[in-house]
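Residue numbers (the working numbering): 10 to 594.
Where a beta carbon is used, it is the ideal one built from N, C-alpha and C, also for glycine.
Values in this document were obtained by computation on a predicted structure and should not be read as measured data.
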């Protein structure tokens with residue numbers, strides 16, 4: 010028995026190692042809890058078996074072995090179903106937990122009924138219960154294999170773990186006895202194999218790194234998107250999805266954005282939590298795990314996937330579609346909302362997504378609508394004004410959203426203000442102020458409209474007609490085009506001025522070469538600023554942060570001359586940035 014006991018002890022060590030690995034690396038609390046319960050049952054079962062078999066423990070400990078064996082079977086079924094259904098298992102398959110109810114009664118009645126370890130799988134109530142538990146788990150994996158593209162590969166590993174337990178347990182018990190192991194009942198050498206297979210599936214669905222919130226009560230505020238529903242924004246670029254996500258986060262609602270361009274951020278009050286989609290084979294499964302963990306911790310939240318096309322390209326549409334169906338059920342049960350966009354989906358994918366019967370909202374491109382609003386007041390020069398604003402804000406046309414409306418109105422007012430300084434015709438300048446004011450009001454009114462309202466198709470770009478165009482011609486005739494042209498010229502002059510960011514970039518690149526701009530952008534990210542947001546008051550903080558990072562770099566340089574050069578660059582950068590801040594104050 011020493012050889013067989015040694016195998017069991019090695020299995021206990023492997024079980025403990027897998028338990029530690031899952032506890033440290035898996036981010037899903039429910040998965041960790043069920044895995045830990047099963048692993049501890051296996052460890053107790055194996056330890057008590059070896060103790061009684063080798064005489065270290067009295068024979069009465071066989072009851073502990075039997076109890077752990079009985080408990081391990083329903084826990085195996087619960088863990089397998091948890092890996093398939095995730096955190097919604099208590100709501101989707103609540104009856105599975107009834108398997109735990111008979112465990113204490115069967116363990117207590119075992120001595121009375123003569124249910125020893127040697128006859129544990131015989132034709133008796135105890136044996137029937139154990140077989141039923143394993144049959145439920147195996148049937149669920151087979152069903153997932155047949156019906157779920159997302160879980161098809163994972164169901165193979167789950168089935169492999171279950172079959173290993175069955176083969177090393179009741180099926181080959183008589184072979185073990187033939188090999189001079191007559192007392193092998195109550196042990197199972199395949200527990201590390203089963204736990205390894207289950208752990209593999211858990212890692213395939215491990216959520217993406219993010220600063221997940223602590224468990225909280227359901228959010229009960231009033232949001233722009235209804236609870237428990239899935240919304241599809243039909244837009245060319247995922248602009249409104251980002252605007253709505255930030256708006257909901259500003260209301261205090263927990264928001265998760267899953268995107269390839271996101272970075273694993275920290276929890277910040279009033280800002281969405283972001284998680285980066287990683288381009289792996291299991292991207293869809295990990296996306297589901299990420300959303301599942303988030304909505305379980307924060308019921309009533311919003312999960313936004315603005316780049317669904319990227320996920321489809323990585324994981325395939327079949328898995329992505331299955332993921333969406335599961336995520337829709339998850340959000341409905343948690344009272345949360347799911348937000349998707351059709352940006353860059355193929356026509357076949359769009360039609361398939363539409364067939365899922367989710368609320369479908371066609372939305373315009375904000376850049377086109379903003380230009381249409383400006384055209385009402387400034388005619389064909391609206392495009393020039395918008396281009397000047399985009400250059401001043403370091404924006405590409407595709408990045409312009411309704412979130413930039415306030416900055417745009419401020420830009421227009423600044424342009425009129427600068428024009429008024431050198432203009433001699435006060436009446437003409439006042440006329441321009443009135444037109445800018447009208448345009449600003451229209452822009453703010455458009456930005457205040459919610460996606461549900463816009464989805465009706467009542468867009469500014471569809472409102473302009475012949476009457477509007479005639480009015481613009483009469484206005485141009487009245488001003489004879491001169492003052493309007495001066496406004497366009499002033500706006501272009503504003504955008505062509507070298508921004509504070511450009512001057513700061515020149516300082517960094519002068520001392521650090523091409524790496525200077527990367528360092529500057531890194532420090533801006535740490536400050537929570539964009540190039541357009543950089544102000545004179547930020548320069549001192551920017552200089553301090555850059556000095557700390559460069560000092561750390563200098564400390565690891567072994568060449569004294571290079572260390573001195575970096576130190577001199579640090580001091581020079583600090584002085585130059587201080588000068589820039591003083592110039593702009």
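query: Touch check for the segment 257-269 and the segment 295-309: three-plus C-beta pairs under 8 Å?
result: Contact between the segment 257-269 and the segment 295-309 is present: three or more C-beta pairs spanning the two stretches fall below 8 Å.
field: Span separating the alpha-carbon of residue 73 from that of residue 54
entry: Those two C-alpha atoms are separated by around 7 Å.
- prompt: First and last residue of the alpha helix (DSSP H) that includes residue 31?
  reply: Unbroken alpha helix (DSSP H) run through residue 31: 11-34.
Residue range of the unbroken beta strand (DSSP E) whose run includes residue 242: Where residue 242 is concerned, the enclosing beta strand (DSSP E) stretches over 239-243.
Option nearest residue 209 by Cα separation, candidates 218, 167, 119 and 293: Ranking 218, 167, 119 and 293 by Cα distance to residue 209 puts 167 first.
- request: Could you say which of 292, 303 and 350 lies nearest to residue 283 if we only look at CA atoms?
  value: For the residues 292, 303 and 350, the minimum Cα distance to residue 283 belongs to 303.
message: So if DSSP puts residue 283 in a beta bridge, which residue, or which two residues, is it bridged to?
response: For residue 283, the beta-bridge partners assigned by DSSP are 266.
- prompt: Could you give the residue range of the alpha helix (DSSP H) that holds residue 99?
  reply: From DSSP, the alpha helix (DSSP H) with residue 99 extends over 98-101.
query: Going by DSSP, which residues form a beta bridge with residue 313?
result: For residue 313, which the question treats as bridged, DSSP gives the partners 266 and 348.
query: Based on Cα-Cα distance, which residue from 442, 532, 383 and 550 lies nearest to residue 472?
result: Of the listed residues, the one whose Cα sits closest to residue 472 is 383.
message: Can you tell me where the alpha helix (DSSP H) holding residue 371 begins and where it ends?
response: Looking at the DSSP string, residue 371 is not in any alpha helix (DSSP H); the run it does join, the beta strand (DSSP E), is 369-371.
message: Measuring straight from C-alpha to C-alpha, what distance separates residue 426 and residue 375?
response: One C-alpha to the other measures close to 26 Å.
- request: Can you give me the start and stop residues for the alpha helix (DSSP H) that residue 165 sits inside?
  value: Counting along the chain, the alpha helix (DSSP H) containing residue 165 begins and ends at 161-175.
query: Do you know how far the Cα of residue 156 is from the Cα of residue 17?
result: Their backbone Cα atoms lie some 37 Å apart in a straight line.
- prompt: With DSSP run on the structure shown, which of helix, strand or coil describes residue 91?
  reply: Helix.
field: Meets three-Cβ-pair contact criterion under 8 Å: the segment 62-70 and the segment 204-224
entry: As far as the Cβ criterion goes, the segment 62-70 does not touch the segment 204-224, which means the pair count is below three.
When 42, 554, 110 and 64 are compared against residue 91, the one with the closest alpha-carbon: Looking at the Cα atoms, 42 is the closest of the given residues.
message: DSSP three-state label for residue 377, please.
response: Correct three-state label for residue 377: helix.
field: DSSP three-state assignment for residue 136, whether helix, strand or coil
entry: Three-state result, residue 136: helix.
message: Taking the alpha carbon of residue 50 as the reference point, which residue from 77, 300 and 548 has its own alpha carbon closest?
response: For the options 77, 300 and 548, the alpha carbon positioned closest to that of residue 50 is the one of 77.
field: Whole-angstrom distance between residue 458 and residue 450, CA atom to CA atom
entry: Going by the C-alpha atoms only, they are around 13 Å apart.
query: Can you give the Cα-Cα distance for residue 409 and residue 399, rounded to whole angstroms?
result: As the crow flies, the alpha-carbon of residue 409 is around 8 Å from that of residue 399.
- request: Return the CA-CA distance between residue 477 and residue 388, expressed in angstroms with no decimal places.
  value: Bear in mind that the predicted position of residue 477 carries a pLDDT of just 45, short of 50, making it too unreliable to give a figure here.
- prompt: How big is the Cα-Cα spacing for residue 105 and residue 87?
  reply: About 7 Å.
- prompt: So residue 370 and residue 240 are in contact, right, with Cβ under 8 Å, and what is the actual spacing, rounded?
  reply: Yes, residue 370 and residue 240 are in contact; Cβ-Cβ is about 7 Å, under 8 Å.
message: For residue 515 and residue 570, what's the separation of their Cα atoms in angstroms?
response: Between residue 515 and residue 570, the C-alpha separation is close to 24 Å.
query: In terms of alpha-carbon separation, which member of 269, 390 and 196 lies closest to residue 247?
result: Out of 269, 390 and 196, the CA that lies nearest to the CA of residue 247 is found in 269.
field: Span of the alpha helix (DSSP H) around residue 249
entry: In the DSSP annotation of this structure, the continuous segment of the alpha helix (DSSP H) that includes residue 249 starts and ends at 248-259.
First and last residue of the uninterrupted alpha helix (DSSP H) at residue 67: Element bounds for residue 67: n/a, residue is neither H nor E.
- prompt: Of the residues 291, 313, 65 and 174, which one's Cα is nearest the Cα of residue 326?
  reply: Ranking 291, 313, 65 and 174 by Cα distance to residue 326 puts 291 first.
field: Selection from 111, 242 and 258 that minimises the alpha carbon distance to residue 228
entry: For the residues 111, 242 and 258, the minimum Cα distance to residue 228 belongs to 258.
- prompt: Mapping DSSP to helix, strand and coil, what is residue 353?
  reply: Here residue 353 sits in coil by DSSP.
- prompt: How far does the alpha helix (DSSP H) with residue 52 in it reach, from first residue to last?
  reply: Looking at the DSSP string, the run of the alpha helix (DSSP H) that includes residue 52 is 38-62.
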